[in-house]
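In this text, residue positions in the sequence shown follow full-length UniProt numbering: the first is 1, and each later residue adds one.
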Amino acid sequence: MSVPHLTTADYEQKVGDYKNVDKWSFKGERPCLVDFYTTWCVYCKNLNPILDDLKKEYAGKVDFYKVDLDKEPKLEEAYNIRTVPTLLLCRADGSYKQMLGTVSKLELKNIIEKELL
């Protein structure tokens, strides 16, 4: 069960309005983690199996999504992403945190527990 990929339109429906990041409101039912990546990024590729495992582990508690920045440049611009992988942690209260995604599975689990649950 791999992490689903979002287009810009999907992102607007499932996560939030990227056009107004300053007035952003979360549209999801559960907290979520969005992985902004590129297909040519080695660190992004290393993160894939970690996200797949955590998606299974946190099923029903946290939603996981991926956005290919080469295909969705509007999202890259909206969030001022300059490094990949970049993770967007969207809390149930509607707030979010952006962070660099070069982390181990244990580090990411701890971040999910602290920031999203």
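Where a beta carbon is used, it is the ideal one built from N, C-alpha and C, also for glycine.
Q. Closest to residue 94 by CA distance: which of 7, 43 and 31 is it?
A. Position 94 of the sequence shown, counting from 1, holds the residue named residue 94. Among 7, 43 and 31, the Cα nearest to that of residue 94 is on 31.
(Q) At 4 residues or longer, what runs of the alpha helix (DSSP H) sit wholly inside the UniProt domain "Thioredoxin" (1 to 117)? (A) 8 to 14, 42 to 57, 73 to 78 and 105 to 115
Q. Rounded C-beta distance between residue 38 and residue 10? I'm assuming under 8 Å.
A. One-based indexing of the sequence shown puts residue 38 at position 38. One-based indexing of the sequence shown puts residue 10 at position 10. Contact doesn't hold; Cβ gap of about 18 Å is too wide.
Q) Does the Cβ of residue 63 have 16 or more other Cβ atoms within 10 Å, making it buried, or fewer, making it exposed? A) The residue you call residue 63 lines up with position 63 of the sequence shown. Under this definition residue 63 is a buried residue.
Q: Take every Cβ of the region 94 to 111, pair it with every Cβ of the region 21 to 36, and state whether three or more of those distances are shorter than 8 Å.
A: yes
Q.
Contact defined as beta carbons within less than 8 Å: I believe residue 58 pairs with residue 4. What is the distance between those atoms, to the nearest angstrom?
A. Position 58 of the sequence shown holds residue 58. Position 4 of the sequence shown holds residue 4. Between residue 4 and residue 58 the Cβ distance is about 14 Å, and since that is not below 8 Å, they are no contact.
Q) Whole-angstrom Cβ separation of residue 52 and residue 2, contact assumed at under 8 Å? A) As a first step, residue 52 is located in the sequence shown; it is residue number 52 there, counting from the start. As a first step, residue 2 is located in the sequence shown; it is residue number 2 there, counting from the start. Residue 52 to residue 2, Cβ: 5 Å. Contact.
**Q.** Assigned exposure category for residue 83 - 16 Cβ within 10 Å defines buried
**A.** Locating residue 83 in the sequence shown gives position 83, where the first residue counts as 1. Residue 83 is exposed by the Cβ-count criterion.
Q | Euclidean distance between Cα positions of residue 49 and residue 20 | A | Residue numbering aside, residue 49 sits at position 49 when the sequence shown is read from its first letter. Residue numbering aside, residue 20 sits at position 20 when the sequence shown is read from its first letter. Straight-line Cα distance between these residues: approximately 32 Å.
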